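Participant:
In the numbering used here, the protein residues as written are 206 to 390.
(1) In this structure, how does DSSP classify residue 276 when only helix, strand and coil are distinguished?
(2) Which stretch, first to last residue, makes up the beta strand (DSSP E) that contains residue 264?
(3) Can you list, in chain order, the residues of its chain with a C-beta nearer than 6 Å to that of residue 368? Leave out the 5 residues immediately preceding and following it.
(4) Counting pairs of Cβ atoms below 8 Å between the region 232 to 251 and the region 278 to 285, do you hit three or more?
(5) Compute the distance between the beta-carbons of residue 333 and residue 377, then report whether it is under 7 Å.
(6) Just the C-alpha distance for residue 262 and residue 237, rounded to the nearest angstrom, thanks.
(7) Could I get the ranges of all uninterrupted alpha helix (DSSP H) runs contained in the region 279 to 336, with 4 residues as the minimum, in chain order?
(8) Between residue 345 and residue 241, what straight-line distance do the alpha-carbon atoms span, to the nearest angstrom?
(9) Classify residue 299: buried if its beta carbon has 16 or more other beta carbons within 10 angstroms, exposed otherwise.
(10) Can you tell me whether DSSP reads residue 252 as helix, strand or coil?
(11) Would you call the region 344 to 362 and the region 314 to 321 in contact, with 3 or more CB pairs under 8 Å?
(12) Using a Cβ-Cβ cutoff of less than 6 Å, which residues in the same chain neighbour residue 254 once the five nearest sequence positions on both sides are dropped?
(13) Starting from residue 220 and walking both ways along the alpha helix (DSSP H), at which residues does that stretch end?
(14) Which residue from 335, 337 and 305 puts its Cα closest to that of residue 324?
(15) What residues are listed by DSSP as bridge partners for residue 238?
(16) What whole-angstrom Cβ distance do residue 286 and residue 256 have, given they're in contact under 8 Å?
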């Protein structure tokens, strides 16, 4: 019966994954990769995370603070939760970060200024009453760095940039030209 569920796409594709709890989690922003597994790669390369708690529409690993969107078996985006607000669903990210081949400290208490100092000026900043989102555009890759009044909340690294869609740029009030012309840092 399991083979029929797999054939029809009805079963959790991660149910047989074996967790490697001793593996240190590290997200490399320069490579857009979790433990060396990047956007566009097969989701099976993340099998070291173990079975996901949810698999539709996203893989969710609540003991690790990680969400993964995928399409046609390939990784579309990573969500790394650092906040208590989303901890019930995602947990809190238990790993570390790298950028430009150096370890960097991004924790839930990090301020907007600390992120700017580490990552440079974003393409666009969206502010509303509840949160602030920095949009970094790197060709076909987008980073969304979200802050609440308590500090850094969520980091999303996506191969499907939200701001690549004109209607989204209008919704966010983007006034800069698209695609961005400034080279990413």
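Glycine is no exception: its CB is placed at the ideal position from the N, C-alpha and C atoms. Quantities reported herein were computed from a predicted structural model and do not represent experimental measurements.
Facilitator: So, to answer that:
(1) strand
(2) That run of the beta strand (DSSP E) goes 263 to 266.
(3) Result list for residue 368: 340 and 374, in chain order.
(4) With a cut-off of 8 Å, the region 278 to 285 and the region 232 to 251 count as touching, because enough Cβ pairs lie within range.
(5) no
(6) 21 Å
(7) Qualifying alpha helix (DSSP H) stretches, in chain order: 292 to 295 and 317 to 324.
(8) 19 Å
(9) exposed
(10) helix
(11) Touching, yes.
(12) Result list for residue 254: 266, in chain order.
(13) Run containing residue 220: none; DSSP gives neither H nor E here.
(14) 305
(15) 233 and 243
(16) Contact between residue 286 and residue 256 is ruled out by a C-beta separation of about 18 Å, above the 8 Å threshold.
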